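> Numbering (the working numbering), first residue to last: 82 to 157. C-beta atoms are modelled at their ideal positions from N, C-alpha and C, and glycine is treated no differently. Everything numeric in this text was worked out from a predicted model, so none of it was measured.
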C-alpha cells in the first residue's frame with residue numbers, strides 16, 4: 082500500500098503520518114498553528130493587560146545648548 086498524498090487527501094495523510102512519520106506529523110501541526118497563533122494571541126495579551134512597548138527612537142536627541150565638557154579629568 083502506498084502512502085497518501087498530502088495535497089490530494091490531507092486527512093488521510095495526517096492519519097498516515099501520525100503513525101508512520103510522527104516527526105513530519107508534529108512539524109506539520111506546529112506549522113499549521115502559526116497563523117492561528119498570530120490571529121489569537123495579540124487580543125488575549127491586550128485583554129490580560131499587556132501593553133506594547135514604546136517605539137525605539139530612530140535618532141539621537143541633540144542637546145538644546147552648547148555641550149559642557151566634563152570636569153575633573155584635566156591632565157595638569
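#1: Quick check on residue 115: does DSSP put it in helix, strand or coil?
#2: Below 6 angstroms CB to CB, which residues in the same chain sit around residue 87 once its five sequence neighbours on both sides are set aside?
#3: Quick one: residues in its chain with C-beta nearer than 6 angstroms to the C-beta of residue 84, no 5 flanking neighbours on either side, listed in chain order?
Let me lay it out:
#1: helix
#2: 94
#3: 97
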